[in-house]
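> Chains as they are written, first to last, in the numbering used here: chain A, 10 to 229; chain B, 10 to 229.
First, the structure itself, so that you have it in front of you.
There are 2 protein chains.
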Amino acid sequence: MNEPRRSSSLHGGPHPGKTPGATRKGSETRARIIKGALEALENGGMEALTTRKIAASAGVRLATLHYYFDNKESLLLAVLEDLIADMDLAYREIPHSSNPEERVAALIRSMWRYVQRTRNKQIAQIELTIYALRTQGAEWLAARQYNAYIDFYGRLVFSPDEAENAEKSRIGRAVARQMLIGIDGLILQNYALRDDAASEGVEALILATQVYLRRLLANS
Amino acid sequence: MNEPRRSSSLHGGPHPGKTPGATRKGSETRARIIKGALEALENGGMEALTTRKIAASAGVRLATLHYYFDNKESLLLAVLEDLIADMDLAYREIPHSSNPEERVAALIRSMWRYVQRTRNKQIAQIELTIYALRTQGAEWLAARQYNAYIDFYGRLVFSPDEAENAEKSRIGRAVARQMLIGIDGLILQNYALRDDAASEGVEALILATQVYLRRLLANS
DNA sequence: GTCTATAGCATGATAGAC
DNA sequence: GTCTATCATGCTATAGAC
Numbered sequence: 010m011n012e013p014r015r016s017s018s019l020h021g022g023p024h025p026g027k028t029p030g031a032t033r034k035g036s037e038t039r040a041r042i043i044k045g046a047l048e049a050l051e052n053g054g055m056e057a058l059t060t061r062k063i064a065a066s067a068g069v070r071l072a073t074l075h076y077y078f079d080n081k082e083s084l085l086l087a088v089l090e091d092l093i094a095d096m097d098l099a100y101r102e103i104p105h106s107s108n109p110e111e112r113v114a115a116l117i118r119s120m121w122r123y124v125q126r127t128r129n130k131q132i133a134q135i136e137l138t139i140y141a142l143r144t145q146g147a148e149w150l151a152a153r154q155y156n157a158y159i160d161f162y163g164r165l166v167f168s169p170d171e172a173e174n175a176e177k178s179r180i181g182r183a184v185a186r187q188m189l190i191g192i193d194g195l196i197l198q199n200y201a202l203r204d205d206a207a208s209e210g211v212e213a214l215i216l217a218t219q220v221y222l223r224r225l226l227a228n229s
Numbered sequence: 010m011n012e013p014r015r016s017s018s019l020h021g022g023p024h025p026g027k028t029p030g031a032t033r034k035g036s037e038t039r040a041r042i043i044k045g046a047l048e049a050l051e052n053g054g055m056e057a058l059t060t061r062k063i064a065a066s067a068g069v070r071l072a073t074l075h076y077y078f079d080n081k082e083s084l085l086l087a088v089l090e091d092l093i094a095d096m097d098l099a100y101r102e103i104p105h106s107s108n109p110e111e112r113v114a115a116l117i118r119s120m121w122r123y124v125q126r127t128r129n130k131q132i133a134q135i136e137l138t139i140y141a142l143r144t145q146g147a148e149w150l151a152a153r154q155y156n157a158y159i160d161f162y163g164r165l166v167f168s169p170d171e172a173e174n175a176e177k178s179r180i181g182r183a184v185a186r187q188m189l190i191g192i193d194g195l196i197l198q199n200y201a202l203r204d205d206a207a208s209e210g211v212e213a214l215i216l217a218t219q220v221y222l223r224r225l226l227a228n229s
C-alpha cells in the first residue's frame, strides 16, 4: 500500500546526489557490513544486535556504517534482502531424478542438510523476517522472501522441461509451500529441543509431502 | 546441565530474605507486569521492547517493575513461563470422538482457530522462545515449553482411557511433534504471506498427520 | 509495596577533519 | 570513502522517601 514511503531507504543513501557503494571499493565495504551484520546477528541474536557490534564484526568504523546505510533499520532490511538473493547459491544440489516424488525427497534432504550446517543462520533469518513484519512499510519484504523460496523450490519439484507446464508449475508451488512449512517448523523444534530425533521428523515430512503431491497430481 | 545457575532468578527476588509477590496484592501486581510485558511484546516486537514500555503497558511505575524482577531478562523468562502455564487454558476444546484420526483433525482445527485469533501472541511466543535459546542458562526453558506442548497434545490424540497405554502414549507424542512442526511452520508462513490460502495448508497438515498416525499404529 | 528522582551507561546517529 | 570525536537520547537499574 504505502510501500514506497520507506522502501527508498533500502537502496540509496541519505546524501542527496551521492550514492554510497557506487565505486568498486565502496560496494565491497557495503557488502562487508552486511556480512558483518549477519554474523553478529547469528552469534548474539536480535536483542543484542547493536550498530557497534555490527561495525566491529565487519571490521569497519561505526561512522562508516552510517555512511552506507541511513540507519540501523535500513541495514537490517538490506541483510534480509541479501539473504534472499543468496538463497539459490546456498541450495545448489539440484535433484537429478525425473520422478517428482524422488525429487521431493532429495530436495527436502538437501534442504535439511544445509539447515543443519547453518543452524544459527536459519534462526537469524527467522528473526529478521519477524523484524521486517513488525517494521512499518517493510512487511512486503517478508512476503517477497517467502515467495522467492516458494518459487525456487516449486521449480525444482518437476524436471526442467515439465516445469514449463502451467498446471505443474501451480502444483510445484503448492508443494513447495508445504515443504517450507515443514522445514520452518522443524528448524524451530529442532533448535529448541536440541535432539536429533529430528531425523524422524524429516522422514515424516518427506512422506507427507509425497502424499500431498500425489493427491494434487491425481486431482489435476 | 548447569540449569540451576540462573533459574533461581526466575522466581525469587533480589532482596535476601524478602519475597516480592508473596502477599495477595503483590502477586497481583506481578501478574499484571507479566501481562503488560506480553502485551507490549505482541504490539511492538522484541526489538522495541523496553522496560519503560512494559511498565506503561502494565500500568505500573518503572521502579515497581524492578521490585518484582531482578532485571529485564528474568522478567522476559517469566513471561515465557507464564505462557507455558496458560497453554492448557487456551486450547480447552477437547475432541470428543473416539477415533484417533478424527481427534487429530479436530485438534489441529481447534489449534488453528486459536492461532488465528491470536496471531501476535504466537509471534511473540516465537520471539520469546528464540530469546530464551540465546540466553545463556535459559535454553532449558525453550525445551520445556516444547515438551509441555508435546505432552499436552500427545495426550489428546487418543481418548483418555487409551492414553494410559505406554505404546499409545509414545505414538501420541510423536504425532504431537509433527502437529506442532506443522503449526509453527504455518504460523510463520501465514504471518508473512498474509493470505488465507493457509486453510489449504491446514487441511494438508491434517491429512499428513493422519497418514503418519496410521503408519505408526500399523508398525506398533 | 509503591513512589519520585536520578545515576550511570550504551545506544543510534552526526560533524567535520583528512 | 574513512577517520576521530562527540552529541543527544533513551536505556536499565538503583537510592531513598513514604
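Note that CB positions come from ideal geometry on N, CA and C, so glycine has one too.
Taking contact to mean at least 3 C-beta pairs separated by less than 8 angstroms, is the segment 160 to 176 of chain B in contact with the segment 206 to 216 of chain B?
no
> Could you check whether the Cβ of residue 131 of chain B sits closer than 8 angstroms to any Cβ belonging to chain A?
Not closer than 8 angstroms to any Cβ of chain A, the Cβ of residue 131 of chain B fails to qualify, so no.
> Work out the CA separation of residue 117 of chain A and residue 80 of chain A for me, nearest whole Å.
37 angstroms
> Is there at least one Cβ from chain A nearer than 8 angstroms to residue 76 of chain B's Cβ?
no
> Can you tell me where the alpha helix (DSSP H) with residue 48 of chain A in it begins and where it stops?
Boundaries of the alpha helix (DSSP H) harbouring residue 48 of chain A: 33 to 53, taken from the DSSP string.
> How many angstroms separate the CA atom of residue 77 of chain B from the CA atom of residue 106 of chain B?
Distance from the CA atom of residue 77 of chain B to the CA atom of residue 106 of chain B, rounded to whole angstroms, is 45 angstroms.
> If we call anything under 8 angstroms between Cβ atoms a contact, is residue 154 of chain A one with residue 196 of chain A?
no
> When you check each C-beta in the segment 182 to 195 of chain A against every C-beta of chain B, which residues fall closer than 8 angstroms?
For the segment 182 to 195 of chain A, the set of residues with a beta-carbon nearer than 8 angstroms to any beta-carbon of chain B comprises 183, 186, 187, 189, 190, 191, 192, 193, 194, 195, in chain order.
> If you scan the segment 129 to 175 of chain A from start to end, which runs of the alpha helix (DSSP H) of 4 or more residues do you find wholly inside it?
148 to 166
> Considering only C-alpha positions, which residue in the set A:31, A:95, A:34 is nearest to residue 47 of chain A?
Among A:31, A:95, A:34, the Cα nearest to that of residue 47 of chain A belongs to A:95.
> Quick one: is residue 138 of chain A buried, meaning 16 or more other Cβ sit within 10 Å of its Cβ, or exposed?
buried
> From the DSSP output, in three-state form, read off residue 6 of chain A for me.
Here chain A has residues from 10 to 229 only, and residue 6 of chain A is not among them.
> Quick check on the burial criterion: 16 or more other C-beta atoms within 10 angstroms. Buried or exposed for residue 218 of chain B?
buried
> Taking only three categories from DSSP, how would you classify residue 203 of chain A?
coil
> If you count every other CB in all the chains shown that lies within 10 Å of the CB of residue 112 of chain B, and 16 or more means buried, which is it?
buried
> Compute the Euclidean distance between the alpha carbons of residue 156 of chain A and residue 109 of chain A, then round it to the nearest angstrom.
Answer to the nearest angstrom: the Cα atoms are 21 angstroms apart.
> Strictly under 8 angstroms for the Cβ-Cβ distance: is residue 47 of chain A near chain B by that measure?
no
> Going by beta-carbon coordinates alone, are residue 194 of chain B and residue 194 of chain A separated by less than 8 angstroms?
yes
> Can you list, in chain order, the residues of its chain whose CB lies under 7 angstroms from that of residue 66 of chain A, leaving out five sequence neighbours each side?
45, 48, 49
> Under 8 angstroms, Cβ to Cβ, is there at least one residue of chain A near residue 233 of chain B?
As shown, chain B starts at 10 and ends at 229. That puts residue 233 of chain B outside it, with no answer to give.
> Would you report the Cα separation of residue 34 of chain B and residue 72 of chain B, rounded to the nearest angstrom?
16 angstroms
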